[in-house]
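Here's the structure we're looking at; comments come further down.
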Amino acid sequence: MDTALEFTKRLVSLLRSERHAMAEFLVALAEFDRRGLWRERGHTSLFSFLRRELGLSAGAAQYRKTAAELIQCRSGRCPRRLR
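With positions in the sequence shown counted from 1, the corresponding number in the numbering used here is that position plus 1401.
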């Protein structure tokens, strides 16, 4: 990759892949939360799991937790704590 255009095309492609991966992650995280699997890993909450086990910052963990909850609500399986 030598030109700005080649770099730009590569960056666009990588960003597209990142968005797809994030969408898949959030859907999987919603199911993980719905099933309460974070309890089996010894955590008191999904937030704790995201922070301690996955090593996310507090902001990133909160963003993903909220997205997972919204996905569950959208699919008609809203977590009790949000009803």
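Cβ atoms here follow ideal geometry from the backbone N, Cα and C, with glycine treated the same way.
Cβ neighbours of F1450 within its own chain (closer than 7 Å, five residues either side excluded): W1439, R1442, H1444. Annotated as distal: R1478 and R1436, with beta-carbon spacing of 7 Å or more. One alpha carbon belongs to A1459, the other to E1407, and they sit about 36 Å apart. The Cβ-Cβ distance between R1452 and A1462 falls below 7 Å. Sequence-distant partners of R1465 (beyond 5 residues in either direction) whose C-beta falls short of 8 Å from its own C-beta, in its chain, are F1426, L1427, L1430, L1451, L1457.
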